[in-house]
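Below is one structure, written out as structure tokens, with a few remarks after it.
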Amino acid sequence: NTGTYPGRKVRMTEITAPKSPVTAEQFADEIREQLKYTQNVTTEQATPADVYVAASKAVRNHLADSWFKTQADTVNGNTKAVGYLSAEFLMGKQLRNALLNAGLTEQFDKAVEALGFKVQDVVDAEYEPGLGNGGLGRLAACFIDSLASLGVPAFGYGIQYKYGIFKQEFDKDGKQVETPDYWLANEEPWGHIDYNRDQKVSFGGKVVENADGTKTWQPAWSVRAVPVDYLVPGYKSGRVNTLRLWSAKSYDEFDLLAFNRSEYMEAVTPQVKAENISKILYPEDSTKVGKELRLEQQYFFVSASLHDAIRVFYPGQDKPDLTTFPNKIVFQLNDTHPVIGIPELMRILIDEYGYDWDTAWSITTKTFNYTCHTLLPEALEVWPASLIGELLPRHLEIIEKINAQFEDELKSKGVDKNTIKDMAIYTGDAVRMAYLATYGGSHVNGVAELHSQLLKDVTLKNFSDVYPDKFTNVTNGVTPRRFVKLANPRLSDLITEGLGTDKWLSDLEMLKGLEPLAKDDEFVKKFAAVKKANKVDFAAYAKREYGFELDPNTMFNTMVKRLHEYKRQSLKILSVISTYADIKSGKVKAEDVTPRTVFFGAKAAPGYYLAKMTIQLINNVSRVVNNDPDVKGKLAVYFPWNYNVRLAQHLIPATDLDEQISQAGKEASGTGNMKFALNGAMTVGTLDGANVEIRERVGAENFFLFGMTVDEVEKKYAEGYNPASYYEADPRLKHAIDMVADGTFSNGDRNAYSPLVADWLTKDWFMTLADFSAYMDIQSEIEALYADELEWNRKALLNVANSGYFSSDRSMEDYLERIWHTAPLAD
Ligand code: 8GP
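Numbered as in full-length UniProt numbering, the sequence shown ends at 841 without a single skipped number.
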């Protein structure tokens, strides 16, 4: 009894929304009670951190009944649940979001003051969990927020890393320094460790064949997967889903014999080995990593999650009928990280529950779907077969058999030998996880229209030729609750005023209703005033957190995202250098300069040499420019370190112009672009990822487009690309690169950036130089518009009005309709 999807529009239930559950006074009492009985401090003794924990526990209590009810309805109802398997969930801070969804925001603010504390201090006491790298992890967080808000029963399944993404600092030379992010150093009130619902996950050993032909895996070692449960409260849906993050614990008590001989290190070795599995998030984003520990992590959380789902949906049953499993839950594989789940479910069905191969295969393929988040071939995981064989010998056998079956299927479909070889899941020495996911699941999707098209035409072309119906698109989205309501309360109030309702927060396409107001100068002025106030706020925040002195009367121009060559932070910094040179030399008259403050926010993978060098360059350009009296008040560059969700929530609402300037055909989607548009920034961007769809919706006249298209890029690669010719052809570019090379930004050291300069001039794989002139040329258009404050804000408002499509609620509706074929729970 698979739940069916009723129609295009998923209804959002409002009736079950919590109705001001308590007064501020009552909530203050609840906080006092938590302080007294849980924190064991008096209100007088309490610190803001105590109040934060107490308030978090109090709000959690308000959500408990909805949580229980959602769990019961999920198991007992006839609606198929969604399991979102993801190695990353970049959740951001929890308190404000939980208060919003529990309907307790005002009560909290008043209660905290009544207790004698500053709201800001209490909220600041929360430490952001950095359990993701960037877009992929934040997307997972937006998706589970939307599923709960739509009332769709869902589980997020992942890993509770002890150390999240590294903390970024800059040393005195402007180099990135990574320090461990021990986010659990203080009491963490959100996760509940459920020791009673643990799972055993095993590794290594060998496979033996039994007399009856069945196989038994005899693993060498096991770890205990302990779930840590987080509430995922929906907005006005009365639903609370679960994010279940697994933590690895050892089964082995420490070795008493070794300990008695004072060999402490050896005594704890088994624990260390087991607990290492969930110790650290790999700080990689779209780059190749192939580490044994990473495969252990992947198998660890996927195996625990699949067993958990069986436990949840077939409670207390020794011999459950697992042919109904795909009617109970559908799993989404968030990129290739959880793809080992396909052979794992086969193994569970065959070895643990005695199903035959064909039945197991039929269940498995109905259970999984795969989302690809990249176009970079190096980011598609390929595991050495030897590693899988060593760690998961039974799985390697199963993968070989899947591959053999796949080859037969391709043969029977008339696919030629060479193509079959190209499509191999198992090559003899390697396993291609993206291919396994494509064959082993029902649907494959990309994350923006252009991306999904390129997956079909290029990355997975052979597969799309043979299985055209598997392929679909779901364009990414972001949650308007966190990224508009919480991040930008002023704009939220203005939108509500403009629309006469706040229902847009659960039906974001309603923003369209703002379109006529773009003609109303008074409304546009209010909109401009919101942006201005946000900039003033951000200046205060940046002063407090970073010691920056910002001028909110300048244009705030922001580029925030992971540092990667394809995203082309190089293009931005070269343009900044060029502008700097022009102002300094007087080539541009002082009165013609549009004063700008340029912000960068980006972490580089610790082993990514050129990315780290780019960070160093940006920091040193910042140092030189900000200390040069010749450009004071005209140009400033800031690089707030450790870009994270919190900084995003402050900086995005304060931005006038955002940068989405990747080489066309490289950024799968981007989601920052959506957050900026929804917060009334104008975008300068290439025809890449979701930029294409944003521009289509907001209107070409309200988007600063520049640069080569995918076809032009391909043509240039084919012709043979020579970056030096662009350096010679554009004196602005030549001058900017020469300044990097001549020591201007390295205290005269001409070697400091030579690897970067050499790369630009001889390789420049992502064609930064080829797009430089177009990028510079569009700046005059940007500045001309910015000079007309009313027109600029009118266009920015039209960006807001036409970006409702980019809500993750809509993304979830699309997944429900195209991939999951399920629906919200009945009330
Ligand atoms: C990112 C894409 O780069 C970004 O365009 C997109 O918006 C985001 O995913 C969400 O869909 N992709 C990755 O982070 C990624 O591919 N990570 C690699 C480890 C697979």
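Ideal Cβ placement from N, Cα and C applies to all residues, glycine included.
With respect to the alpha helix (DSSP H) encompassing Ala840, which residues constitute its N-terminal and C-terminal limits?
The count along the sequence shown starts at 1 and reaches residue 840 at position 826. Element bounds for Ala840: n/a, residue is neither H nor E.
Touch check for the stretch 346-355 and the stretch 98-106: three-plus C-beta pairs under 8 Å?
They touch, by the three-pair rule.
Report the option in Met688, Leu783, Asn736 whose CA atom is closest to the CA atom of Ser822.
In the sequence shown, counting from the first residue as 1, residue 822 sits at position 808. Cα-wise, what sits closest to Ser822 is Met688.
Below 8 Å CB to CB, which residues in the same chain sit around Thr305 once its five sequence neighbours on both sides are set aside?
Looking up residue 305 in the sequence shown gives position 291. One detail in the question is off: residue 305 reads as Lys in this sequence, not Thr. Contacts found: Tyr296.
Is the beta carbon of Phe339 closer than 9 Å to that of Phe327?
Locating residue 327 in the sequence shown gives position 313, counting from the first residue. Locating residue 339 in the sequence shown gives position 325, counting from the first residue. Yes, Cβ-Cβ distance for Phe327 and Phe339 is below 9 Å.
Assign Trp779 to one of two classes, buried (16 or more other C-beta atoms within 10 Å of its C-beta) or exposed (fewer than that).
For the purposes of this step, residue 779 is identified with residue 765 of the sequence shown, where counting begins at 1. Trp779 comes out exposed.
Quick one: Cα of Glu358 to Cα of His409, how far?
The residue you call residue 358 lines up with position 344 of the sequence shown. The residue you call residue 409 lines up with position 395 of the sequence shown. So the alpha carbons of these two residues sit roughly 7 Å apart.
In or out: Tyr196 buried (at least 16 other Cβ within 10 Å) or exposed?
The count along the sequence shown starts at 1 and reaches residue 196 at position 182. The residue in question, Tyr196, is exposed, as its Cβ has fewer than 16 Cβ neighbours within 10 Å.
Is His457 near the ligand 8GP, going by C-beta to nearest heavy atom under 8 Å?
The residue given as residue 457 occupies position 443 in the sequence shown. No, the Cβ of His457 stays beyond 8 Å of every heavy atom of the ligand 8GP.
Please confirm whether any heavy atom of the ligand 8GP lies closer than 8 Å to the CB of Gln683.
Your numbering for residue 683 matches position 669 in the sequence shown. Residue 683 is actually Ser in this sequence, not Gln. Yes, the beta carbon of Ser683 sits closer than 8 Å to at least one heavy atom of the ligand 8GP.
Can you tell me whether Ile207 is helix, strand or coil according to DSSP?
As a working note, residue 207 is residue 193 in the sequence shown. Three-state result, Ile207: strand.
Tell me whether Lys603 sits in a helix, a strand or coil according to DSSP, three-state version.
For the purposes of this step, residue 603 is identified with residue 589 of the sequence shown, where counting begins at 1. Residue state, collapsed to three classes: coil.
Starting from the C-beta of Arg824, find all residues in its chain whose C-beta is less than 6 Å away, skip the five residues before and the five after it, and write them out in chain order.
Mapped onto the sequence shown, residue 824 falls at position 810. Taken in chain order, the residues that qualify are Gly491.
Can you tell which of Tyr560, Thr758, Phe718, Ile413 has its C-alpha closest to the C-alpha of Phe184?
Your numbering for residue 184 matches position 170 in the sequence shown. If we check each option's Cα against that of Phe184, Tyr560 comes out closest.
Could you please give me the residues that DSSP links to Ala262 through a beta bridge?
Start at 1 with the first residue of the sequence shown, and residue 262 comes out as number 248. The partner list for Ala262 (beta bridge, DSSP) reads Ala239.
With C-beta atoms as the reference, is Val136 less than 9 Å away from Pro62?
Indexing the sequence shown from 1 puts residue 136 at position 122. Indexing the sequence shown from 1 puts residue 62 at position 48. For Val136 and Pro62, yes; Cβs fall inside 9 Å.
Between the stretch 42-49 and the stretch 65-79, do at least 3 Cβ pairs fall closer than 8 Å?
Yes, the stretch 42-49 is in contact with the stretch 65-79.
To the nearest angstrom, report how far apart Glu423 and Ile364 are at their CA atoms.
Counting from one through the sequence shown, the residue named residue 423 turns up at place 409. Counting from one through the sequence shown, the residue named residue 364 turns up at place 350. If I take the Cα positions, the gap works out to 21 Å.
Between the C-alpha atoms of Asn417 and Ala139, what's the straight-line distance to the nearest angstrom?
Counting from 1 along the sequence shown, the entry for residue 417 is found at position 403. Counting from 1 along the sequence shown, the entry for residue 139 is found at position 125. Distance between the alpha carbons of Asn417 and Ala139: 52 Å.
Taking its Cβ as the centre, do 16 or more other Cβ atoms sit within 10 Å of Asn15, making it buried, or is it exposed?
Position 1 of the sequence shown, counted from the start, is the residue given in the question as residue 15. Note on Asn15: pLDDT 28, under 50, position unreliable in the model; the coordinate value appears next. With fewer than 16 other Cβ atoms within 10 Å, it is exposed.
Give the secondary structure of Ile364 by DSSP, where H, G and I count as helix, E and B as strand, and everything else as coil.
As a position in the sequence shown, residue 364 is number 350, starting the count at 1. In this structure, Ile364 counts as helix in the three-state DSSP scheme.
Who are the Cβ neighbours of Asp208 in its own chain at under 8 Å, not counting the five residues just before and after it?
Position 194 of the sequence shown, counted from the start, is the residue given in the question as residue 208. Result list for Asp208: Val240, Pro241, Val242, Asp243, in chain order.
As an exercise, report each continuous beta strand (DSSP E) stretch of at least 3 residues that is fully enclosed by the stretch 26-105, in chain order.
List check, beta strand (DSSP E) in window: 95-99.
Could you check the C-alpha separation between Ala556 and Gly615 for me, to the nearest Å?
By one-based count along the sequence shown, residue 556 stands at place 542. By one-based count along the sequence shown, residue 615 stands at place 601. Cα to Cα, Ala556 sits roughly 13 Å from Gly615.
By how many angstroms is the C-alpha of Ala801 removed from the C-alpha of Lys598?
On the sequence shown, position 584 is the one that residue 598 refers to. On the sequence shown, position 787 is the one that residue 801 refers to. Their backbone Cα atoms lie some 21 Å apart in a straight line.
Can you give me the Cβ contacts of Pro334 inside the same chain, cut-off strictly under 6 Å, excluding the 5 residues immediately before and after it?
On the sequence shown, residue 334 is found 320 positions in, with the first residue counted as 1. Cβ within range, chain order: Tyr328.
Grab the span of the alpha helix (DSSP H) containing Ile434 for me, first residue to last.
As a first step, residue 434 is located in the sequence shown; it is residue number 420 there, counting from the start. 431-436 is the extent of the alpha helix (DSSP H) around Ile434.
Any idea what DSSP makes of Pro737, helix, strand or coil?
The sequence position of residue 737 within the sequence shown is 723, counting from 1. Reduced to three states, the DSSP call for Pro737 is helix.
One question on the structure: do Leu500 and Phe485 come within less than 9 Å of each other, judged by their Cβ atoms?
As a first step, residue 500 must be located in the sequence shown, where it is residue number 486. As a first step, residue 485 must be located in the sequence shown, where it is residue number 471. Not a contact, by the Cβ cut-off of 9 Å.
I need the boundaries of the beta strand (DSSP E) containing Asp672, first residue and last residue.
Here residue 672 corresponds to residue number 658 of the sequence shown, with the count starting at 1. Run containing Asp672: 671-674, per the beta strand (DSSP E) assignment.
Helix, strand or coil for Glu806 per DSSP?
Translated into the one-based positions of the sequence shown, residue 806 becomes position 792. Contrary to the premise, residue 806 reads as Trp rather than Glu in this sequence. Of the three classes helix, strand and coil, the one that applies to Trp806 here is helix, per DSSP.
Can you tell me whether Ile412 is helix, strand or coil according to DSSP?
Taking the first residue of the sequence shown as 1, we reach residue 412 at position 398. Of the three classes helix, strand and coil, the one that applies to Ile412 here is helix, per DSSP.
May I ask which residues mark the beginning and end of the beta strand (DSSP E) holding Ser794?
The residue given as residue 794 occupies position 780 in the sequence shown. Per DSSP, Ser794 belongs to no beta strand (DSSP E); it is in the alpha helix (DSSP H), 782-801.
Helix, strand or coil: which one does DSSP assign to Val461?
Along the sequence shown, read from residue 1 onward, the residue named residue 461 stands at position 447. Note: Val461 maps to coil in three-state DSSP.
Do you know whose CA, among Tyr623, Asp672, Asp596, lies nearest Val639's CA?
Residue mapping note: residue 639 aligns to position 625 of the sequence shown, counting from 1. Of Tyr623, Asp672, Asp596, the residue nearest in Cα terms is Asp596.
I need the straight-line Cα distance from Lys342 to Lys94, nearest angstrom please.
By one-based count along the sequence shown, residue 342 stands at place 328. By one-based count along the sequence shown, residue 94 stands at place 80. Their backbone Cα atoms lie some 5 Å apart in a straight line.
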